[in-house]
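> Mind having a look at this structure? Questions to follow.
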Amino acid sequence: MFLSQSAQRLPGGIPGKGNLASSGYHVRIPQLPQSGKEKEYLRLSAPMESNDRHHPSANLIGERVRWVREKLQLTQDQLAGRLAKYGVQLDYVKIGQVEKGKRRVIDKELVAFAKALGVSVTWLLSGDESHL
1 MFLSQSAQRL
11 PGGIPGKGNL
21 ASSGYHVRIP
31 QLPQSGKEKE
41 YLRLSAPMES
51 NDRHHPSANL
61 IGERVRWVRE
71 KLQLTQDQLA
81 GRLAKYGVQL
91 DYVKIGQVEK
101 GKRRVIDKEL
111 VAFAKALGVS
121 VTWLLSGDES
131 HL
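What follows is the structure, encoded as structure tokens:
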């Protein structure tokens, strides 16, 4: 954490007694450069807003998970068993929600899906066949 009296206030900061804002200090979080893929990943991994659940890009990996699962002739239950080997407990209902774009995955789940399906995380995120 970096502190500076000249740093800009964070949006939504609420001044009050005993906090950094009231003492004249403000938290400045350095911004790291991000590639286009990282920005897209961060956008897609953010919590869903109620109005974006049906947006076509709300969950890009769901279609890819389903496609690979079907190519491997796995049921959702069988995929759940494979995910469990990597420490991720998702039942067939939650896997179905992921595949339909109704549930997003966290980073640990993304890695487990990739390992369980024998594909790369990059391919799940991008669909780039050179990373399949």
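The working numbering puts the first residue of the sequence shown at 1, with every later residue one more than the last. Note that CB positions come from ideal geometry on N, CA and C, so glycine has one too.
Would you call the CB atoms of Q73 and I95 closer than 8 Å?
No, Cβ-Cβ distance for Q73 and I95 is not below 8 Å.
> Distance check for F113 and K100, CA to CA, integer angstroms please.
Approximately 15 Å between the Cα atoms of the pair.
> What does the Cβ neighbour count give for L110, buried or exposed, with the cut at 16 atoms within 10 Å?
That one is buried.
> Please report the straight-line C-alpha distance between V65 and T122, rounded to a whole angstrom.
Those two C-alpha atoms are separated by around 13 Å.
> If we ignore side chains and look at the alpha-carbon of each, how far apart do D128 and S120 end up?
Spanning the two alpha carbons is a distance of roughly 10 Å.
> Around the Cβ of I106, are there at least 16 other Cβ atoms within 10 angstroms (buried) or fewer (exposed)?
So I106 counts as exposed.
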